[in-house]
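Novice: Be aware that the sequence shown starts at 675, since it is given in the numbering used here, and climbs by one per residue.
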Amino acid sequence: MMKHVVYILILISQSCLAQPRQVAVTIDDVPNVNVFQRDNFRSILLERIEELNIPVAIFINEKNIYNNAFVKENIACLERWLTSNTVTPGNHSFSHINYADTTLESFQQDIIKGEKLTTQIMRRRPPYFRFPFNSLGNDSASYAVIQNFLTIRGYIHAPFTIESEDWAFNALYEDALQNQDVGRAREIGQQYVIHTMNLFHHFETLCENLYGRNIRHIYLCHDNQLNTDYLPALIKDLGKSGYSFISLEQALDDIVYQSTEFYTGRYGFSWIYRWEKDQDKRKAMMRGEPVDESLHIEYQKLVNKK
Ligand SMILES: [Zn+2]
Numbered sequence: 675m676m677k678h679v680v681y682i683l684i685l686i687s688q689s690c691l692a693q694p695r696q697v698a699v700t701i702d703d704v705p706n707v708n709v710f711q712r713d714n715f716r717s718i719l720l721e722r723i724e725e726l727n728i729p730v731a732i733f734i735n736e737k738n739i740y741n742n743a744f745v746k747e748n749i750a751c752l753e754r755w756l757t758s759n760t761v762t763p764g765n766h767s768f769s770h771i772n773y774a775d776t777t778l779e780s781f782q783q784d785i786i787k788g789e790k791l792t793t794q795i796m797r798r799r800p801p802y803f804r805f806p807f808n809s810l811g812n813d814s815a816s817y818a819v820i821q822n823f824l825t826i827r828g829y830i831h832a833p834f835t836i837e838s839e840d841w842a843f844n845a846l847y848e849d850a851l852q853n854q855d856v857g858r859a860r861e862i863g864q865q866y867v868i869h870t871m872n873l874f875h876h877f878e879t880l881c882e883n884l885y886g887r888n889i890r891h892i893y894l895c896h897d898n899q900l901n902t903d904y905l906p907a908l909i910k911d912l913g914k915s916g917y918s919f920i921s922l923e924q925a926l927d928d929i930v931y932q933s934t935e936f937y938t939g940r941y942g943f944s945w946i947y948r949w950e951k952d953q954d955k956r957k958a959m960m961r962g963e964p965v966d967e968s969l970h971i972e973y974q975k976l977v978n979k980k
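Next comes the structure, spelled out in C-alpha cells:
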C-alpha cells in the first residue's frame, strides 16, 4: 500500500515538474511621463522591477516623450529604462495609432519614427514590435504586408497570451487617488491582482485542454500608477503559484508561438484565441473567460462622469 502511495506521489511530482509555469512580463506604452513627473522624475515602476530582478520587455511610444514640457527629463527617463539590465526594448509605434484606422504608408512611417530615439540610445534598433491595441489591421492581406515590412526591418512581432484590463483598473485607481480615497484605491489594487490571478488559472486550464500542457505565457500590462504600486504584489502571487519569470525571447521559444494565426483583424484579444481555427469554438472560449463585472460597471460610471 505504502509503495503505491509513494509511486503516486512520484508521478504527481513528475507531472508538476513536466508542467513548468513560466511567464514573460511585458509592459506597454512606456514611458508614462505623467507618473514620472509626479514621482519627482523617477520611474518607480522600473526601480521595483529591478528590485524584483525579473526580466521585462517594454514597448515604447516615443511620442509620450513630448506629452509634457519636460522633454529633456523624459528622454533621460527612456534612457534609464533602456540601459537597465533587466529590460529588453520593443517599438510600439511612435504615436500608438491603430493600423486598422490608417494607411499602410502612415503606419510604416509611424513605426520608423517610433524607433528613432531608442535606436540612438541603444545604437541598434529594438528587436521587438508590438501593434498598438494589438490590432493587426483590417484583414489578413494588410497583416501580411506589414509583417513583411517588420521582418525586413529586423523586427520580431510580440504577441501576448494574458492581459487583465489593467488600464481600466488603473483609471479607477487614479480616480480614487485623486479623491484621496486611499481605502478605495487599495481595494482596486487588490481586485486587480485577484482578477489577474484568476485569468492566469483560467488560461492554464484552457491550455491544458487545448495543448495538453501549460504554455510559456506572455503577460501584457502597462506603465501606469497601478502597476507601479501593485505589479510587485502580482509577481509575488504568481511566484507563489509556481511561476518563474522568463524573458520574452525565452517565451517565444515555445513552439506554440509558431501556430497559425486564424484571426488577424483589429480586435486585440489573446493569441490563444487567434490560434483556434473554428470560429464558434473561439467565441465559446472567449465567453468562458472570467469577467470582473464590478470593474466594467465602475469603469463605465467613471467614463460617463468625465
Ligand atoms: Zn499600447
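Glycine included, every Cβ here is placed at the ideal spot set by N, Cα and C.
Beta-carbon separation of residue 895 and residue 734 under 9 Å?
Specialist: no
Novice: Please determine if the stretch 798-805 and the stretch 825-842 are in contact, where contact requires at least 3 C-beta pairs separated by less than 8 Å.
Specialist: yes
Novice: Provide the residue(s) that pair with residue 743 in DSSP beta bridges, ordered along the chain.
Specialist: Residue pairing for residue 743: DSSP places it in no beta bridge.
Novice: With a CB to CB cut of under 7 Å and the five nearest residues on each side skipped, what residues in its chain are close to residue 750?
Specialist: none
Novice: Starting from the C-beta of residue 691, find all residues in its chain whose C-beta is less than 7 Å away, skip the five residues before and the five after it, and write them out in chain order.
Specialist: Legend: pLDDT at residue 691 = 48, less than 50; position of this residue unreliable, value from coordinates given subsequently. So the list is empty, once near-sequence residues are dropped.
Novice: What's the C-alpha gap between residue 797 and residue 919?
Specialist: 27 Å
Novice: Report the start-end ranges of each alpha helix (DSSP H) in the stretch 895-948 that is 4 residues or longer and not cut off at the edges.
Specialist: 899-914, 922-926, 945-948
Novice: For residue 695, write down the residues that DSSP places opposite it in a beta bridge.
Specialist: Paired residues: 917.
Novice: Closest to residue 842 by C-alpha separation, out of 715, 695, 709, 967, would be which residue?
Specialist: 967
Novice: Report the residue ranges of all alpha helix (DSSP H) runs contained in full by the stretch 849-892; include only those spanning at least 4 residues, in chain order.
Specialist: 856-885
Novice: Hey, out of 936, 727, 940, whose CA is closest to residue 913's CA?
Specialist: 727
Novice: Which residue comes first and which comes last in the alpha helix (DSSP H) that contains residue 757?
Specialist: Where residue 757 is concerned, there is no enclosing alpha helix (DSSP H), given that its DSSP letter is neither H nor E.
Novice: When every heavy atom of ligand 1 is checked, does at least one fall within less than 8 Å of the C-beta of residue 800?
Specialist: No, since every heavy atom of ligand 1 falls outside the 8 Å radius drawn around the Cβ of residue 800.
Novice: Between the stretch 927-943 and the stretch 849-858, do three or more beta carbon pairs fall short of 8 Å?
Specialist: no
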